[in-house]
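**Q** Just so you know, we're using this note's numbering here: the sequence shown kicks off at 1150 and counts up by one. One structure follows; several queries about it will come next.
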Amino acid sequence: MTPKRLAKIINEINNILLPRVCFGCNAQLFRGEHVLCAVCRHDVPLTDHNYLEENAVDRIFYGRTPIKKAASFVFFSKNGLVKNLLHWLKYRNQEQIGGFLGDWCGDLLKESGQLKDIDVVVPVPLHPKKFKKRGYNQVALFARHVAGHIGADYCEDWLIKTKNTKTQTKKNRQTRWESSKDAFALETSQQHLNYKHVLLVDDVITTGATIESCAQILLQVEGLEVSVLSMALVSEG
Ligand SMILES: [Zn+2]
1150 MTPKRLAKII
1160 NEINNILLPR
1170 VCFGCNAQLF
1180 RGEHVLCAVC
1190 RHDVPLTDHN
1200 YLEENAVDRI
1210 FYGRTPIKKA
1220 ASFVFFSKNG
1230 LVKNLLHWLK
1240 YRNQEQIGGF
1250 LGDWCGDLLK
1260 ESGQLKDIDV
1270 VVPVPLHPKK
1280 FKKRGYNQVA
1290 LFARHVAGHI
1300 GADYCEDWLI
1310 KTKNTKTQTK
1320 KNRQTRWESS
1330 KDAFALETSQ
1340 QHLNYKHVLL
1350 VDDVITTGAT
1360 IESCAQILLQ
1370 VEGLEVSVLS
1380 MALVSEG
């Protein structure tokens, strides 16, 4: 038996013993399906935001931080499919979900010719302690895959998190802002970033406080511009 055939058989056995299931609805996945079943994939609430027209994410930052353009990929609904996906991605060690979403989002961006002028894609960093605990930054793979599709560089080394803030789910805008203030920093000597257009990427945007804190650090670099992309958008209230 060839090694390839053996691997295929092992794979099939694995599928029977540990059936691959949809991260949205728990149904068994068919061959060719990956992460989501066809039904869930169809049900994902895409925002249809684009980088040419104003949208709800832009309006979060108006009058607060000079973000060039912002958009979110999907809507986050409290009991829905996206909540499940992001929960698996963030807390259940399923890092590959980020790559799946990044390919999907990146494909759409590329197809529509958007974000062609981005130089570098930068994920919102985790504090080293949190990184060690989780083992990965849940935004990194999404950001890396998007960068690949739009033909930009990817860099996770020079924006760092210096303050280990608590999870922010239950805080209001003011407390979120207070707690993420001074939480980020740039690694020294960032002259090579002058006049670059950076796409800052986060998992979920609620009040925009985290993005604002990061952007304010990045915008200290001469001539640098910041645009924003998040996997999901939560509407407050
Ligand atoms: Zn499903």
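Where is the CB? At the ideal position from N, CA and C, for every residue including glycine.
When the Cα atoms are used, what is the spatial distance from H1346 to D1192?
**A** Taken atom to atom, the span from the alpha-carbon of H1346 to that of D1192 is near 33 Å.
**Q** Buried or exposed for G1386, please, with buried defined as at least 16 other CB atoms from any protein chain shown within 10 angstroms of its CB.
**A** Confidence at G1386 is low in this model, with a pLDDT of 46, below 50, so its placement is unreliable and the value that follows should be read with caution. Counting Cβ neighbours within 10 Å, G1386 comes out exposed, since fewer than 16 surround it.
**Q** Compare the Cα-Cα distances from L1382 to each of S1221, K1157, K1265, R1190 and report the closest residue.
**A** S1221
**Q** Where do the N-terminal and C-terminal ends of the beta strand (DSSP E) with V1231 fall, by residue?
**A** First-last for V1231: 1230 to 1240, but that is the alpha helix (DSSP H), not the beta strand (DSSP E).
**Q** Am I right that A1377 and A1219 are in contact with their C-beta atoms under 8 Å? What's the rounded C-beta distance?
**A** Per the sequence shown, residue 1377 should be read as Val rather than Ala. Contact flag correct, Cβ pair sits at about 4 Å.
**Q** If we count the other Cβ atoms within 10 Å of its Cβ and call it buried at 16 or more, is K1239 buried or exposed?
**A** buried
**Q** For ligand 1, is there a heavy atom less than 7 Å away from the beta-carbon of V1173?
**A** This sequence places Gly at residue 1173; Val is not what is there. Indeed, a heavy atom of ligand 1 lies less than 7 Å from the Cβ.
**Q** Taking 7 Å as the cut-off, is the CB of L1382 close to at least one heavy atom of ligand 1?
**A** no
**Q** Counting pairs of beta carbons, one from the stretch 1195 to 1208 and one from the stretch 1229 to 1249, are three or more of them closer than 8 Å?
**A** no
**Q** Using the three-state DSSP reduction, which class does S1261 fall into: helix, strand or coil?
**A** coil
**Q** Can you give the Cα-Cα distance for Y1344 and K1217, rounded to whole angstroms?
**A** 13 Å
**Q** Once DSSP output is grouped into helix, strand and coil, what is the label at G1386?
**A** Confidence is the limiting factor: at G1386 the pLDDT is only 46, short of 50, which leaves the residue's position unreliable, though a coordinate-based value still follows. Three-state DSSP puts G1386 in coil, outside helix and strand.
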